[in-house]
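S.K.: Counting from 1, position 11 in the sequence shown corresponds to residue 19 in my numbering; the numbering is continuous, with no gaps.
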Amino acid sequence: MLNTQDIAIEALTCYSITYQSIAHIGQNANTIYKVTDKESNCYSLRIHLSKNDSMESIWSEEKVIHSEMLWLESLTNDTDLVLPSPIKNNIGEYVTKIADINCTLVKWVDGEQKQFVPTVNDAECVGELIGKLHKQSSFWKIPSSFTRPSFDNSRISQSLEKLKQLVNGGELDKNDVEILQLAGECAILMMNNIERTPGNWGIIHADLIPSNFVFHEQEARAIDFGACGFGYYFCSSTTRNNEFLAWAA
């Protein structure tokens, strides 16, 4: 069986770049390699293979990954944001399959990563970034083949059910989960009373916590769109921080 570096090297042969170096960056939801070509251009090669079994299988499905690339392509064309723009392989596809594992290549985004947003000016930069993402999403004509999860009340219910299973298995404290259960029920009630409109519901990043944006001069830049999906613009998902609160830590 190929290891992830072997997969990465083989995947790179499917693109019209000649790499100079390849460095392992990390592994969580995906395995990430930073690739530098002979012209010193940098890319992020993602191997859609989680380091554990807790990640839902939907995130590694080809059609779901392809849809993420479509939104990144549209954001690149429609906005002035600096993004991990997707790169097509030699046969014009965004998803490259190696040993039955999906791989994608995107442009590397330069910037400084911070544990939290330290200044009001930085918070304003993050707010401007979020606003541009949501504005583009509200006007984007979503392709019929577009497939991404929805962060709605049904997903909250699914998450609460998983928490109950963890309690039954002795992995979580019952009292702690009861608090989350009440919070989840409140969120479901709130969502049931909100009418979905182009102004409040669309494609969201869904994981805009400080580790998923970087700062470059007076600009905030989003990275890691791997959790993007349909949701309300004022929130992300039940298991992730709200986008409008992500920078308020």
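Virtual Cβ for every residue (Gly too), placed ideally from N, Cα, C.
Please name the residue or residues paired with Pro-151 in a DSSP beta bridge.
M.R.: Counted from its first residue, the sequence shown places residue 151 at position 143. Pro-151 is not bridged to any residue.
S.K.: Can you list, in chain order, the residues of its chain whose CB lies under 7 Å from that of Asp-160, leaving out five sequence neighbours each side?
M.R.: Numbered from 1 along the sequence shown, position 152 holds the residue referred to as residue 160. Hits under 7 Å: Met-199.
S.K.: Let's see if you can read the secondary structure: which residues bound the alpha helix (DSSP H) around Cys-194?
M.R.: Position 186 of the sequence shown holds residue 194. Segment 182–200, the alpha helix (DSSP H) holding Cys-194.
S.K.: When the Cα of Ile-95 is compared with those of Lys-71, Asp-184, Cys-22, which residue comes out closest?
M.R.: Counted from its first residue, the sequence shown places residue 95 at position 87. Closest option to Ile-95, Cα to Cα, is Cys-22.
S.K.: Alpha carbon to alpha carbon, how far is Ile-211 from Glu-76? Give it in angstroms, no decimals.
M.R.: For the purposes of this step, residue 76 is taken as residue 68 along the sequence shown, with counting starting at 1. For the purposes of this step, residue 211 is taken as residue 203 along the sequence shown, with counting starting at 1. Cα to Cα, the separation comes out at about 10 Å.
S.K.: Is the stretch 121–141 touching the stretch 214–233 in the sense that three or more CB pairs, one from each, lie closer than 8 Å?
M.R.: At 8 Å Cβ cutoff, the stretches touch.
S.K.: Based on Cα-Cα distance, which residue from Val-90, His-213, Pro-206 lies nearest to Val-114?
M.R.: Start at 1 with the first residue of the sequence shown, and residue 114 comes out as number 106. Taking only the C-alpha atoms, the option nearest Val-114 is Val-90.
S.K.: Can you give me the C-alpha to C-alpha distance between Lys-172 and Ser-158, rounded to a whole angstrom?
M.R.: If you number the sequence shown from 1, residue 172 lands on position 164. If you number the sequence shown from 1, residue 158 lands on position 150. Distance between the alpha carbons of Lys-172 and Ser-158 is about 21 Å.
S.K.: Beta strand (DSSP E) containing Asn-110: first to last residue?
M.R.: On the sequence shown, position 102 is the one that residue 110 refers to. Element bounds for Asn-110: 109–115.
S.K.: If you scan the stretch 200–231 from start to end, which runs of the beta strand (DSSP E) of 3 or more residues do you find wholly inside it?
M.R.: With a minimum length of 3 residues, the continuous beta strand (DSSP E) runs that stay inside the stretch 200–231 are 209–212, 221–224, 227–230.
S.K.: Per the contact definition of three or more C-beta pairs closer than 8 Å, is the stretch 43–51 in contact with the stretch 111–126?
M.R.: Cβ pair count under 8 Å is three or more, so yes.
S.K.: For Lys-122, which residues of its own chain have a beta-carbon under 7 Å away from its beta-carbon, when the five flanking residues on both sides are left out?
M.R.: As a position in the sequence shown, residue 122 is number 114, starting the count at 1. Around Lys-122: Pro-218, Phe-223.
S.K.: Does DSSP put Gly-239 in a helix, a strand or coil?
M.R.: Reading the sequence shown from its first residue, position 231 is the one you call residue 239. Here Gly-239 sits in strand by DSSP.
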